[in-house]
Amino acid sequence: MVDDLAIYIHFLYCKSRCPYCDFFRALHPKVFDEEALVARYLEEIKRFAELCGKRKVKSVFFGGGTPSLLSACAVERVLEGIAGHFEIKSGAEISLEANPNTFEKEKFLDFRRAGVNRLSLGVQTLEPAGLKFLGRTHSLDEALEAMALGASAFDKFSIDLIYARPEQTWEAWQKELDLALTFGLKHISLYELSIEEGTVFYKKNIKPLNEEDAARLYEQTVFYLRSKGFERYEVSNFALDEKNRSEHNLTYWQGGDYIGIGEGAHGRLKTHGKIYATVDGEIKEEVSALERAEELLFMGLRLNEGVAAERFFEVCGVELFDFLNSEALKRLEKLNLV
């Protein structure tokens, strides 16, 4: 059985560099050739269609970077290109990441008309001091306005928040969560602040909340959101019910097929009985069964439901318990215990 396909569209640019971000690639140029970028997207889409045929597509995700810097017209053309080479399923999830200060009301509505039905808004914090610390270029008022528009304009709407900031308390964090929930959220992504090498925070030797306090804050958050009806279905993601989960991200966590379009985008594609890694719109190399098994375990264990034995066999072609037993034996051999 061939999996339905997920397609990730990568937009490289941001308006500014956030001090905590290790995904940053380039500042958005003042003179930007959107037409050339869309042409590249469309060429890569065509190339993948030639490789794997007219597959059914269950989700498209515009990420980055800050893809809300694209015009709605560009987004629409990309979706039309996908529809021309693949079969976009009825009700497919079409997501777009946005920052609160990269839009105006009409642009949000234009994105909706272009086919976007899920918005993921990078709010990061609902505390003015937190916005300044995280180097965000939007204000609290802009965040609240964007949340109101996002909640009203899109069928599925989510925000990102960052916790475990230096000296952050549960009381302050709870106020942020309470404010966020007043917008009728049905999905929320919460990420622990980590200081990665190469970031501005790393160079400044910024220290996040210590591990013990961060773990306690996370546990309190899980219990609190559960009391509000949210299920933690993945380590960093909470939804009111199954239909509000991120369909696209579940593809990654469950070992599904996905292709990445755009500079730096990667994917995993099963075709002609083999699994391939894709990078920059090209098939790069075959992924071994062992590599895919390790990836699926690593990603799947982020989910509350874990890794289903049947799904593991579908993706990897080996029984889950046989794989686990063989790996355990190898570890014991390395320790000279067998």
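Under my numbering, the first residue of the sequence shown is numbered 49, with each subsequent residue one higher.
Using N, Cα and C, we set each Cβ at its ideal position, and we do this for glycine too.
Quick one: grab the DSSP three-state call for residue i.
i	result
Ser64	coil
Leu127	helix
Ile254	coil
Ser200	helix
Gly348	helix
His133	helix
Thr299	helix
Lys102	coil
Val248	helix
Leu383	Caution applies to Leu383, whose pLDDT of 46 falls short of 50 and renders its modelled position unreliable; the value that the coordinates give is listed next. Correct three-state label for Leu383: coil.
Val171	strand
Thr319	strand
Ala262	helix
Glu219	helix
Asp189	helix
Val327	strand
Arg280	strand
Asn292	helix
Val366	coil
Leu209	strand
Leu75	strand
Arg184	coil
Cys69	coil
Pro115	helix
Phe80	coil
Glu154	helix
Thr230	coil
Leu372	helix
Leu377	Reliability of the predicted coordinates at Leu377 is poor, the pLDDT of 47 falling under 50, and the value obtained from them is presented with this limitation in mind. Looking at Leu377 - three-state DSSP - the assignment turns out to be helix.
Can you tell me the Cβ-Cβ gap for residue i and residue j, rounded? I've got them flagged as a contact below 8 Å.
i	j	result
Leu257	Gln216	6 Å
Ile207	Val171	5 Å
Tyr56	Leu117	Not really, about 17 Å apart at Cβ, beyond 8 Å.
Ala287	His320	So it is not a contact: roughly 35 Å between Cβ atoms.
Glu145	Ser168	5 Å
Ala212	Leu241	5 Å
Arg161	Ala97	Not confirmed; about 25 Å, so no contact.
His296	Phe109	4 Å
Look up residue i in the DSSP assignment and give the residues it is bridged to.
i	result
Leu179	Answer by DSSP bridge pairing: none, since Leu179 is not bridged.
Val108	Ile55 and Ile142
Glu91	Answer by DSSP bridge pairing: none, since Glu91 is not bridged.
Ser336	DSSP output for Ser336 lists no bridge partner at all.
Arg166	Ser143 and Lys204
Ala357	DSSP lists no partner for Ala357.
Asn285	Ser237 and Glu282
His314	Val327
Ile243	Looking at the DSSP assignment, Ile243 forms no beta bridge with any residue, so it has no partner.
Tyr306	Ala54 and Arg316
Can you find the residues in the same chain that come closer than 6 Å, C-beta to C-beta, to residue i, ignoring five residues on each side of it along the sequence?
i	result
Asp305	Asp51, Leu53, Leu317 and Lys318
Val86	Ala122 and Arg125
Val363	Gly303 and Leu344
Tyr266	none
Leu385	Reliability of the predicted coordinates at Leu385 is poor, the pLDDT of 38 falling under 50, and no value is obtained from them.
His76	Tyr61, Lys63 and Leu117
Phe205	Leu167, Gly198 and Ala199
Thr299	Ala54 and Tyr306
Leaving aside the five residues before and after residue i along the sequence, list all residues of the same chain whose C-beta is less than 8 Å from its C-beta, in chain order.
i	result
Pro67	Leu182, Gly183, Thr247, Val248, Phe249, Lys252 and Ile254
Glu135	Lys102, Arg103, Lys104 and Val105
Asn352	Glu279, Arg280, Tyr281 and Glu282
Phe361	Glu367 and Leu368
Ala228	Val171, Leu174, Met195, Ile207, Leu209 and Ile236
Pro214	Phe181, Ile254, Lys255, Pro256 and Leu257
Thr269	Tyr211, Trp221, Leu225 and Leu238
Gly232	Ala199
Leu99	Leu317, Thr319 and Ile331
Leu349	Val355
Of all Cβ atoms in chain D, is any one closer than 8 Å to the Cβ of residue i?
i	result
Asn253	Looking at the structure shown, chain D is missing, and only one protein chain is on hand.
Might you give, ordered along the chain, the residues of its own chain that have their beta carbon closer than 7 Å to the beta carbon of residue i, omitting 5 neighbours on each side?
i	result
Arg149	Checking the displayed sequence, the identity of residue 149 turns out to be Asn instead of Arg. The residues are Thr185, His186 and Glu190.
Ala30	Residue 30 is absent from the structure shown; the chain starts at 49 and stops at 386.
Thr326	Ile307, Gly308, His314, Gly315, Leu317 and Lys332
Ile93	Gly129, Ile130, His133 and Ile309
Leu383	Here the model assigns Leu383 a pLDDT of 46, short of 50, so the residue's position is not dependable and the matter cannot be decided.
Lys155	Ala120
Asp81	none
Trp301	Glu282, Met347, Gly348, Arg350 and Leu351
Glu244	Asp70 and Tyr250
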